[in-house]
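**Q**
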Amino acid sequence: MRLEGKVALVTGAARGIGRGIAERFAAEGARVGILDLDAVACQRVVDGITVAGGSALEVAADISDPAQVEAAHGKLRTRFGTVNVLVNNAAVMPVGTIHETSLADFERCVAVNLRGTYLVCRAVIPGMLAAGGGSIIHIASVTGMIGLPGLAAYSMTKGGMITLARSMSTDYAARGIRSNSVSPGTIDSPMLHEFLSHQSNPEAYRQQYDDMHAVGRVGRIDEVANVCLFLASDEASFVTGSNYEVDGGYSAKGDQPQD
Ligand SMILES: NC(=O)c1ccc[n+]([C@@H]2O[C@H](COP(=O)([O-])OP(=O)(O)OC[C@H]3O[C@@H](n4cnc5c(N)ncnc54)[C@H](O)[C@@H]3O)[C@@H](O)[C@H]2O)c1
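Heads up, the sequence shown is in numbering that gives the first Met the number 0, so the first residue is 0 and it goes up one at a time.
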C-alpha cells in the first residue's frame, strides 16, 4: 500500500496507459480520480477498481476546456480532498509530417497535450501548495527527446512536456512539489493500434517497432505504471526534474522506423 492516504488524479484514464496507472495506484491504496472524455467509460474503470476493493471517482472532462477541468477538479476535491498526485497522461497523436498536418489536427494536439496539461496543473497546484507538496508526473514520450518520423506535431508537444516537468521542478521544489516526466518507448496500447492502422503494412511495422527496442519487444502498460507508482510514492522523495525513459533501451539503441 505505497500510496495509502493519497488522492491521485489521472487524466486519460479510461483506457490504455492512463487506465493502467489509475488501477495500479488504486491497488496501492490511493483514492483515484478517473478523468477522460467519456463519463460512461470513466465509470467502467471506477467500477472495476471498486470491485477490486479500491476507491475511485469518475471526473469526466475535456482537459482542453478550462471550465470542465475546474469542475472535474472541484468534484474530486469535494469527494476525496486535496489532490496529492497528478498524472498528466491524456494526449492525442496526429500522424504526419508538419506540412501534411492539418491546422485543425495541429491545434487539437496542442490544445490537449499542452494547453490541457497547463489547465490541469493550474487547477491542482494551489491545493498541493496549501497541503505542503505533491507529485506531478507528465507522461511524455521518447519522441519528445529524439523525434520520430511522421509524428511532428505530437513530438513537439511531448518535448514541451519534458521541458515543463523540469521547469516546474525548480519552481516548486522548495514548496514540496516534485515534477518529473516519464518517456515511454512504444507501448502496446490502443494508441499504438490506431497508429499501426495508418500504416500500409501494420504487421511489418509492428515487427520493426519490436526490433527497435534493445530488449526486442514493445513495452507493456504495467511497465509504465510501475515507474509512475515509484514517482508518485514517497520513495521518490529526492527525485524531481527527471525524465524517466521507460523504453526497453529504445533511445539508447537509436534506431528509427523506415518507410
Ligand atoms: N502507446 C504508446 O506507445 C505511447 C508511447 C509513448 C508515450 N505515450 C503516451 O502515453 C499516454 C497514454 O497513451 P495511450 O497509448 O494509453 O493512449 P490512448 O489513446 O490509448 O489513451 C489516451 C486517453 O486520453 C484520452 N483523451 C484524449 N483527449 C482527451 C481530452 N481532451 N481530455 C481528456 N481525455 C482525453 C482518450 O480518450 C484516451 O482514453 C499519452 O500521453 C501518450 O502520448 C504512449
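Virtual Cβ for every residue (Gly too), placed ideally from N, Cα, C.
1) Look up E193 in the DSSP assignment and say whether it is helix, strand or coil.
2) Have a look at R14, G253, A21, D35 and flag the residue whose alpha-carbon is nearest the alpha-carbon of I259.
3) At the level of alpha carbons, what is the spacing between R107 and E99?
4) Enumerate, from N- to C-terminal direction, the unbroken alpha helix (DSSP H) stretches of 4 or more residues contained entirely within the segment 131 to 156.
5) Nearest-angstrom Cα distance between M160 and Y243?
6) Within the present structure, is the beta-carbon of G247 separated from the nearest heavy atom of ligand 1 by less than 7 angstroms?
7) With the cut-off set at 8 angstroms, would you say V261 and A122 are in Cβ contact?
8) Does the beta carbon of L36 fall short of 7 angstroms from some heavy atom of ligand 1?
9) Given a cut-off of 8 angstroms, decide if T239 and S196 are closer than it, judged by their beta-carbon atoms.
10) Quick check on F194: buried or exposed, where buried means 16 or more other Cβ atoms within 10 Å of its Cβ?
11) Assuming P148 and P256 are in contact, meaning their beta carbons sit under 8 angstroms apart, how far apart are those beta carbons, in whole angstroms?
12) Would the segment 126 to 134 count as touching the segment 201 to 208 if we require 3 or more Cβ pairs under 8 angstroms?
13) Assuming V109 is part of the beta strand (DSSP E), what are its boundary residues?
14) Let me confirm a value: M167 is counted as buried when at least 16 other C-beta atoms fall within 10 Å, else exposed. Which label applies?
15) Looking at ligand 1, does it come within less than 7 angstroms of V161, judged from the CB to the closest heavy atom?
16) Shorter than 8 angstroms from the beta carbon of G253 to some beta carbon of chain D?
17) Between D210 and P65, what straight-line distance do the alpha-carbon atoms span, to the nearest angstrom?
18) Between the Cα of G248 and those of A231, V45, L230, V217, spot the shortest distance and give me the residue it belongs to.
19) In three-state DSSP terms, what is E57?
20) Measuring CA to CA, which of G11, L128, R43 is closest to V82?
21) Please tell me whether V9 and A21 are closer than 8 angstroms, where the distance is taken between their beta carbons.
22) With G19 as the anchor, note down where its beta strand (DSSP E) starts and where it stops.
23) Could you check whether D46 and A13 sit closer than 8 angstroms to each other, using their CB atoms as the reference points?
24) T169: which of N112, F237, R219 sits nearest, CA to CA?
25) Excluding five sequence neighbours on each side, which residues of the same chain lie with their C-beta closer than 7 angstroms to the C-beta of S232?
**A** Quick answer:
1) Here residue 193 is taken as the residue at index 194 of the sequence shown, counted from 1. In the structure shown, E193 sits in a helix (DSSP, three-state: H, G or I).
2) Because residue 259 is not part of the residues shown, which for the chain are 0 to 258, the question remains open.
3) The residue you call residue 107 lines up with position 108 of the sequence shown. The residue you call residue 99 lines up with position 100 of the sequence shown. Near 15 angstroms, if we compare the C-alpha coordinates of E99 and R107.
4) 142 to 145
5) The residue labelled residue 160 in the question sits at position 161 within the sequence shown. The residue labelled residue 243 in the question sits at position 244 within the sequence shown. Their Cα atoms are separated by approximately 13 angstroms.
6) Stepping through the sequence shown from its first residue, residue 247 is reached at position 248. Checking every heavy atom of ligand 1 against the Cβ of G247, none is found closer than 7 angstroms.
7) With the chain covering only 0 through 258, there is no way to say anything about residue 261.
8) Numbered from its first residue, the sequence shown carries residue 36 at position 37. For ligand 1, at least one heavy atom lies less than 7 angstroms from the Cβ of L36.
9) For the purposes of this step, residue 196 is identified with residue 197 of the sequence shown, where counting begins at 1. For the purposes of this step, residue 239 is identified with residue 240 of the sequence shown, where counting begins at 1. Contact: no.
10) Sequence index remark: in the sequence shown, residue 194 carries index 195 (1-based). It is buried - the Cβ of F194 has at least 16 other Cβ atoms within 10 Å.
11) Taking the first residue of the sequence shown as position 1, residue 148 is located at position 149. Taking the first residue of the sequence shown as position 1, residue 256 is located at position 257. Rounded, the Cβ-Cβ distance is 7 angstroms, consistent with contact.
12) no
13) In the sequence shown, residue 109 corresponds to position 110, counting from 1. Note, V109: premise wrong, no beta strand (DSSP E); alpha helix (DSSP H) at 102 to 109.
14) Here residue 167 is taken as the residue at index 168 of the sequence shown, counted from 1. Under this definition M167 is a buried residue.
15) Start at 1 with the first residue of the sequence shown, and residue 161 comes out as number 162. The identity of residue 161 in the sequence shown is Ile, whereas the question assumes Val. Outside the cutoff, so no.
16) The chain inventory of the structure shown lacks chain D, comprising one protein chain alone.
17) As a working note, residue 210 is residue 211 in the sequence shown. As a working note, residue 65 is residue 66 in the sequence shown. Going by the C-alpha atoms only, they are around 41 angstroms apart.
18) Taking the sequence shown and counting its residues from 1, the one referred to as residue 248 is at position 249. Ranking A231, V45, L230, V217 by Cα distance to G248 puts V217 first.
19) Start at 1 with the first residue of the sequence shown, and residue 57 comes out as number 58. The answer is strand: DSSP assigns E57 an E or B state.
20) For this step, residue 82 is matched to residue 83 along the sequence shown. Taking only the C-alpha atoms, the option nearest V82 is L128.
21) If you number the sequence shown from 1, residue 9 lands on position 10. If you number the sequence shown from 1, residue 21 lands on position 22. A contact, by the Cβ cut-off of 8 angstroms.
22) Translated into the one-based positions of the sequence shown, residue 19 becomes position 20. No beta strand (DSSP E) holds G19; the alpha helix (DSSP H) holding it covers 15 to 26.
23) Counted from its first residue, the sequence shown places residue 13 at position 14. Counted from its first residue, the sequence shown places residue 46 at position 47. It is not a contact, given that the beta carbons lie outside the stated cut-off.
24) As a working note, residue 169 is residue 170 in the sequence shown. The candidate whose alpha carbon is nearest that of T169 is F237.
25) For the purposes of this step, residue 232 is identified with residue 233 of the sequence shown, where counting begins at 1. Closer than 7 angstroms at Cβ, skipping near neighbours: R1, L2.
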